[in-house]
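Have a look at the structure below, then the notes.
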Amino acid sequence: ETGVTQTPRHLVMGMTNKKSLKCEQHLGHNAMYWYKQSAKKPLELMFVYNFKEQTENNSVPSRFSPECPNSSHLFLHLHTLQPEDSALYLCASSQERVGETQYFGPGTRLLVL
Amino acid sequence: AQKVTQAQTEISVVEKEDVTLDCVYETRDTTYYLFWYKQPPSGELVFLIRRNSFDEQNEISGRYSWNFQKSTSSFNFTITASQVVDSAVYFCALSDSNYQLIWGAGTKLIIKP
Chain A
232 ETGVTQTPRH LVMGMTNKKS LKCEQHLGHN AMYWYKQSAK KPLELMFVYN FKEQTENNSV
292 PSRFSPECPN SSHLFLHLHT LQPEDSALYL CASSQERVGE TQYFGPGTRL LVL
Chain B
4 AQKVTQAQTE ISVVEKEDVT LDCVYETRDT TYYLFWYKQP PSGELVFLIR RNSFDEQNEI
64 SGRYSWNFQK STSSFNFTIT ASQVVDSAVY FCALSDSNYQ LIWGAGTKLI IKP
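If you read the protein sequences in the order shown, they are chains A and B.
Take the first sequence: its position 97, counted from the start at 1, is 328 in my numbering, and no numbers get skipped.
Take the second sequence: its position 70, counted from the start at 1, is 73 in my numbering, and no numbers get skipped.
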């Protein structure tokens, strides 16, 4: 089942580049999430949007900028990243937030040179 | 404080053996939800099960079974007659009144042919 899609699947960028990650959910959900997964570290919640409104920002550096134009699409705009930002970025969605199951996309593997 | 502990960092078994992945959680809430996800090498987190705190009935789905015991704050996952395709990282997670998913560190399961 590909209820949540992410593009691109792989991305290599320099520290001065600007790029965007895209996430789209086809499940009719109202909440969307960005997570960062680094090697040997727990999954880190970055941002949460509920009904297009940002409800969580877990102290994420400003070089990461989320955008949620509607409840089906979520973007993560990247600029002036650091090599330590290299990670797997996962998007998820859920019906609402309270205890609902989150469904994940395949992720974008980002390498910052 | 909410916390999920998966003490087994890595487990390696031979195909067809049974294997149990442990998950211990901490929360002060009486209403909460527990989840298991599978992450194969491709990276996508695949939802396996969601259980609410009021439903202690064990669940079986094919070769997968889950044992929820509130008395020991555990939600263990057993794979019967393991197969090579079961090789993945498995995550246990907790969702409570703070609405965020608290993730365990994951257990890497290796099934050898």
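Backbone N, C-alpha and C define an ideal beta-carbon position, used for all residues, glycine too.
Quick one: what does DSSP say residue i is sitting in, helix, strand or coil?
i	result
Ser345(A)	Nothing about residue 345(A) can be read from this structure; chain A reaches only from 232 to 344.
Thr75(B)	helix
Glu287(A)	strand
Pro297(A)	strand
Would you say residue i faces chain B, with C-beta separation under 8 Å as the test?
i	result
Tyr334(A)	yes
Pro337(A)	yes
Leu274(A)	yes
Gly259(A)	no
Can a CB atom of chain A be found closer than 8 Å to the CB of residue i?
i	result
Gly65(B)	no
Ser77(B)	no
Tyr36(B)	yes
Ala108(B)	yes
Arg54(B)	no
Ser90(B)	no
Name the DSSP beta bridge partners of residue i, please?
i	result
His241(A)	Arg340(A)
His257(A)	Answer is none; His257(A) lacks a bridge partner.
Met263(A)	Tyr280(A), Ser324(A)
Leu97(B)	Leu37(B), Ile105(B)
Ser251(A)	His308(A)
Leu319(A)	Gln268(A), Arg340(A)
Val235(A)	Gln256(A)
Ala16(B)	At residue 16(B) the sequence reads Val, which differs from the Ala that was named. According to DSSP, which records beta bridges pairwise, Val16(B) is partnered with Ile114(B).
Ala91(B)	Leu112(B)
Glu331(A)	Answer by DSSP bridge pairing: none, since Glu331(A) is not bridged.
Ser24(B)	Per the sequence presented here, residue 24(B) reads as Leu, with Ser not at that position. Answer by DSSP bridge pairing, in chain order: Phe80(B).
Would you mind telling me which residues of chain B sit closer than 7 Å to residue i, beta carbon to beta carbon, in chain order?
i	result
Gly234(A)	Those do not exist, as Gly234(A) stays about 10 Å from chain B at its closest Cβ, beyond 7 Å.
In chain A, which residues lie less than 7 Å from residue i when you measure between Cβ atoms?
i	result
Phe69(B)	It should be noted that the sequence gives Trp, not Phe, for residue 69(B). Neighbours of Trp69(B) on chain A: none; closest Cβ ~15 Å, over 7 Å.
Gln1(B)	Outside the modelled stretch of chain B, which goes from 4 to 116, sits residue 1(B), for which no answer is possible.
Ser98(B)	Gly330
Give the residues of chain B in contact with residue i, contact being defined as C-beta atoms less than 9 Å apart.
i	result
Gly245(A)	Those within 9 Å of Gly245(A) in chain B number zero; the least Cβ separation is about 23 Å.
Leu319(A)	Gly46
Report yes if the C-beta of residue i is less than 7 Å from at least one heavy atom of the ligand GDP; otherwise report no.
i	result
Ala318(A)	Of the ligands one can find in the structure shown there are none, so the ligand GDP has no counterpart to examine.
Give the residues of chain A in contact with residue i, contact being defined as C-beta atoms less than 8 Å apart.
i	result
Phe50(B)	Thr332, Gln333, Tyr334, Phe335
Segments of 3+ residues assigned as beta strand (DSSP E) that fall wholly inside the stretch 26-69 of chain B: 27-29, 36-42, 49-55, 62-64
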